[in-house]
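Engineer: Residue numbers (our numbering), protein chains in the order written: chain A, 43 to 474; chain B, 900 to 1664.
(1) For residue 1636 of chain B, which beta-bridge partners are listed by DSSP?
(2) Closer than 8 Å by beta-carbon distance: list the chain A residues that pair up with residue 1625 of chain B, in chain order.
(3) At a CB distance below 8 Å, what residues from the region 1401-1429 of chain B approach chain A? Give them in sequence order.
(4) To which residues does DSSP link residue 232 of chain A through a beta bridge?
(5) Ordered along the chain, which non-local residues of its own chain (more than five positions away) have a Cβ less than 7 Å from that of residue 317 of chain A?
(6) Would you mind sorting residue 172 of chain A into buried or exposed? The rule is 16 or more other CB atoms within 10 Å of its CB.
(7) Exposed or buried, residue 1343 of chain B, counting other C-beta atoms within 10 Å across all chains shown (16 or more means buried)?
(8) Under 8 Å, CB to CB, which of the residues in the region 247-275 of chain A have a partner in chain B?
(9) Only counting the same chain, and skipping five residues up and downstream in sequence, which positions put a Cβ closer than 7 Å to that of residue 1115 of chain B?
(10) With 16 other CB atoms within 10 Å as the buried threshold, where does residue 388 of chain A fall?
(11) Using the Cβ count rule (16 or more neighbours within 10 Å means buried), how would you classify residue 300 of chain A?
(12) With DSSP as the reference, please indicate the residues paired to residue 1519 of chain B in a beta bridge.
(13) Quick check on residue 1546 of chain B - is its C-beta less than 7 Å from some C-beta in chain A?
(14) Would DSSP call residue 952 of chain B helix, strand or coil?
(15) For residue 423 of chain A, go through chain B and note every residue whose CB falls closer than 8 Å to its CB, in chain order.
(16) Using a Cβ-Cβ cutoff of less than 7 Å, which residues in the same chain neighbour residue 1663 of chain B once the five nearest sequence positions on both sides are dropped?
(17) So, with DSSP's three-state summary, where would you put residue 1394 of chain B?
(18) Quick check on the DSSP output: the alpha helix (DSSP H) that includes residue 170 of chain A runs from which residue to which?
(19) Considering only their Cβ atoms, is the gap separating residue 1594 of chain B from residue 1577 of chain B smaller than 7 Å?
(20) Taking its Cβ as the centre, do 16 or more other Cβ atoms sit within 10 Å of residue 984 of chain B, making it buried, or is it exposed?
(21) Where does residue 237 of chain A fall in DSSP's three states?
(22) Would residue 183 of chain A count as contacting chain B if we go by Cβ distances under 7 Å?
(23) Just the Cα atoms here: how many angstroms apart are residue 1436 of chain B and residue 390 of chain A?
(24) Would you identify the three-state DSSP class for residue 1401 of chain B, choosing helix, strand or coil?
(25) Taking only the alpha-carbon atoms, compute the straight-line gap between residue 1478 of chain B and residue 384 of chain A and give it to the nearest angstrom.
(26) Please report the straight-line C-alpha distance between residue 180 of chain A and residue 1217 of chain B, rounded to a whole angstrom.
(27) With burial defined as no fewer than 16 other Cβ atoms inside 10 Å of the residue's Cβ, what is the status of residue 1044 of chain B: buried or exposed?
(28) Taking residue 1434 of chain B as the query, report the chain A residues whose CB atoms sit under 8 Å from its CB, ordered along the chain.
(29) Can at least three beta-carbon pairs, one atom from the region 1103-1115 of chain B and one from the region 1062-1076 of chain B, be found at a separation below 8 Å?
(30) Since residue 313 of chain A is in the beta strand (DSSP E), which residue starts that stretch and which ends it?
(31) Residues of chain B with a CB under 7 Å from the CB of residue 359 of chain A: which are they?
(32) Pull up the CB-CB distance for residue 1294 of chain B and residue 1365 of chain B, whole angstroms please, since I reckon it's below 8 Å.
(33) Starting from the beta carbon of residue 151 of chain A, find every residue of chain D whose beta carbon is closer than 7 Å, and list them in chain order.
(34) With 7 Å as the threshold, decide whether the Cβ of residue 1431 of chain B is near any Cβ in chain A.
(35) Rounded to whole angstroms, what's the CA-CA distance from residue 99 of chain A to residue 1185 of chain B? Just pull it up for me.
(36) Name, in chain order, the residues that DSSP records as bridge partners for residue 385 of chain A.
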């Protein structure tokens, strides 16, 4: 190598180092900017969270940013040494990738928290946080499990969703610090989908889903292998539906029907890989839960109308055939879901963990009748029976649809008060 | 060789001592690591008498008010005042005034950070004064409303319910809760209502002193007294009132001519706002009875002078002195003698404690200050300078300060926490020494021993254990190490309380919760159940706090709420810590021992929002002496949970279980809180003497008759109980009204069978 060649190599190395330094400076600046969590969501939005949730989220986010800043600092030292510029460059690209992953995480939570900028929405969502976390705690505690904090956020669309606590986030490494539940605006009048979503968290923490999948496959296998495998694949959604039914009874079924309704083709369509039972089967299963636990009732009318609309005129499509098979097996399916002892529940059936009879229309009416006007003003009842009160309030608009708007307003006020941001005096005035 | 074993300034020390009385052969031994001689650990006296709230001597009091305006030659008027005072015995007014004190204190401390950080200045008061002016305006409008309605009427002319209706109307006009509300305006309206009704009763009984008196002049006088009351509230909150006005209620009552019998049992200690309310009551009662414009003018002048008094900014000077000394400790060269700096600091500590001032006057203030300064300077020599205070800061940071969220202060080599720990150690030592009786302060050896002992104890509270000698036996905790950190943190460095760096995890079983009695007369078990607990044990965190001179619970409530990004907490969340509670909750009885200040604790259940509303007092006792026979009303106030339980049992027609529920509630209260409540009521009017034993007997008799009344009248009460449990108002009140043949029957604990009234909501009329 000539002297000029060595000089050229040195110059090249210096140039690469400077290039890397400039590139790294860019990403370090970007990473540093993420450290201000009040940019992720406004201070007002953060203040709308319950303190425990806020601390947990901020701590986790701060830890994620700190880890990335540390990685950037280490890379800075490597650039200085620059023994292997290619290796450093690969690490720089990894840093960029990790930055984008982190940004996705922060954006997700930032969006979720940011839905609380409006004080009224913040107060309402905080109430839903409390309802969701209390309901999880109520069921999980006797099973020796801790319920996670819940962050509820609001968006448009039809269906609710959950990002479960402790699932790996987009970086593939760090777990979600809270259960983040998406509610949709159209369902705020009957927000029982909240308990379908917490049902996913419940099933995950208890390990119920796998056991339920086996149970469903077992009871349906003698009727149809195809039916059995489909129900096995739907187990996670079935578990969530059963959870919502066990806590709230009938009102989640009507909310579900509104969301999954569609043309006959749509409600009979089987989408490969979809964990949800196709709509007709799902509605019929939920009405069967009501019938088998509560006896005859308005759910029978709903089931009959859905069958008349979609099954009586349907041909022999796969969906129609499987729906007919399902109708014949509903009793077995309900039995497997609610009465079969499960290891997940320490050998007890689901109905001993969450007794649907406590959420029957008659039981809810009894609760409301005993409490009288204090039902919606009592802070004690709001803590002791929050889900049943919500179920009763949600059911009011079903029983009295002419005044549904009034009932929905009452429900919103009560949920807001549960979040602790509304003076009980206002509720007393409403009750009076 | 360790510098402490011989670090004696033989030339300087004797100067401060009585000639020939003292040879300082073994000046104070340091408790820090490296001390070669173990500290002796003689039996330490209980330190309860060292608490700031020590109100041991009524003789120190000099009320700014008259010693009684009732002429001794006018026994009828005196009797009338006595009866009226008894009728005004509703403690809610005192609680409401104290709540104002707490809120004012909290508002001041939370507004401090947005103001100048000039530590020489007083904490900002403008915002708080503006807030209080709003309350004063509301109160005045309320009273004006009453004056317009009743100014030309006599009390005896008012018909049943007429007064209450107008009072509620006046409250509604101010947007305030009605007469059953807990706020100040409701309490003031109730207080005024009770005075008017009491005077009316007296007039109907033929007491000529109050007969045919128009209410107009009384209303006008009260309208002038209330602003002075509110100014006094601010003075107490800002800790500006002279110590004499902040004395305990018993002594104050004595100064006001409300003579207490010498054998009377000590009533539960009253908060400063409650003392102020009692003072207001006594003047109000006298004003209501006194038909004499000159006397009324005198009352007014006294009130106005009380409201205007200023204690001279002792707290601001102490704030500044703490900050100065912390900086001096950091800036000093390692091993410096800071005697002269301590000589500046000691008077600031002493000025905040009037009892110390008195003692020092006897011995010789300057000499004592110099001696204490020199002793302390020797003890802290090894910890002066930036390096030492930084090391101390790091050691403290390791003690779980993350729980206090002080990470930012620990960053970048800060020395503040370490220096402040030293300052706290010194301050507590000075305070402990200052509480010595004057004769002990005159004995240098005794004084030296006291300094050494107090310093060791204070160091054990404020320094991490690894900074202390292994053989030191002054630790409060067993197997753990924690420190007490000055709060609230902020750039202004105006500290109003301390918080323990350790947050104690607690798994509270039902039995333990049942054994812990709270201020509201209930138990921790009842509180947990009321808040929705369904399973046991309850996993909770226990936060500990310690008062400083000038601490109000409002400071804790505001600062702790703000730290968590919430509004102020309820002061009722803070419960006084005893050794028994500390032992039961987290097995550290030493932390419940009285230390430099009072200790409080707060139980937090992680993930659960705080109490939705202020906790209600479970039993309220009223003693009425304005009628021909003594009457005692006991309001049993059921929580929402208890009310719903009663509703459920009524629905099930489970009469036996229902009586059992009431039996448990009533007898528990009769044992825990009724005797104390009865004593507080009985002590107000002179002439009534009730010993602890008699109060217990009376409480027991009342409790038994309450249970018997419920059992006998359960069927008849059913519909009213059921309606009350369904009412939107929180909880229900069962009012038991007992008549007594005469005062002797009251003292003997022989009540008649009570009448029972049931109402939704919580009442205390």
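Ideal Cβ placement from N, Cα and C applies to all residues, glycine included.
Keep in mind the model is a prediction, meaning the values are calculated, not measured.
Structural biologist: So, to answer that:
(1) For residue 1636 of chain B, which the question treats as bridged, DSSP gives the partners B/1532, B/1654.
(2) Ordered by position in chain A, the residues that pass the 8 Å Cβ test against residue 1625 of chain B are 412, 413, 414, 415, 416.
(3) Along the region 1401-1429 of chain B, the positions whose C-beta sits under 8 Å from a C-beta of chain A are 1429, read in chain order.
(4) Looking at the DSSP assignment, residue 232 of chain A forms no beta bridge with any residue, so it has no partner.
(5) Same-chain partners within the cutoff: 275, 276, 278, 279.
(6) Burial call: buried.
(7) With 16 or more Cβ atoms within 10 Å of its Cβ, residue 1343 of chain B is classed as buried.
(8) Against chain B - using a Cβ distance shorter than 8 Å - the region 247-275 of chain A contributes no residues.
(9) So the qualifying residues of the chain are 1046, 1050, 1051.
(10) Exposed.
(11) Label assigned to residue 300 of chain A: exposed.
(12) Note: residue 1519 of chain B sits in a beta bridge opposite B/1534.
(13) Using beta-carbon distances, residue 1546 of chain B counts as an interface residue toward chain A, with a partner under 7 Å.
(14) Here residue 952 of chain B scores only 37 on pLDDT, less than 50, and its place in the model should not be relied on; the value that follows carries that caveat. In the structure shown, residue 952 of chain B adopts coil according to DSSP, grouped into three states.
(15) Simply 1539, 1543.
(16) Once the five neighbours on either side are set aside, the close Cβ partners of residue 1663 of chain B are 989, 991, 1519, 1534.
(17) Reduced to three states, the DSSP call for residue 1394 of chain B is coil.
(18) Taken as a continuous stretch (DSSP letters only), the alpha helix (DSSP H) holding residue 170 of chain A covers 161-182.
(19) Yes. Within cutoff.
(20) The Cβ neighbour count for residue 984 of chain B, taken over all protein chains shown within 10 Å, is at least 16; the residue is labelled buried.
(21) Secondary structure of residue 237 of chain A (DSSP, three-state): helix.
(22) For residue 183 of chain A, the nearest CB of chain B lies under 7 Å from its own CB, placing it at the interface with that chain.
(23) Pairing residue 1436 of chain B with residue 390 of chain A, the inter-Cα distance amounts to about 23 Å.
(24) Here residue 1401 of chain B sits in coil by DSSP.
(25) The alpha-carbon atoms of residue 1478 of chain B and residue 384 of chain A are separated by roughly 47 Å.
(26) Straight through space, the alpha carbons of residue 1217 of chain B and residue 180 of chain A are spaced by roughly 50 Å.
(27) By the 10 Å Cβ count, residue 1044 of chain B comes out buried.
(28) Correct list: 183, 184.
(29) Touching, no.
(30) If you look at residue 313 of chain A, you'll find it isn't in any beta strand (DSSP E); DSSP assigns it neither H nor E.
(31) Here the premise fails: no neighbours, minimum Cβ distance about 48 Å.
(32) Yes, residue 1294 of chain B and residue 1365 of chain B are in contact; Cβ-Cβ is about 6 Å, under 8 Å.
(33) Within the model displayed, chain D is absent; protein chains A and B are what it includes.
(34) Yes - at least one Cβ of chain A is within 7 Å of the one on residue 1431 of chain B.
(35) C-alpha separation (whole angstroms): 60 Å.
(36) Beta-bridge pairing links residue 385 of chain A to no other residue.
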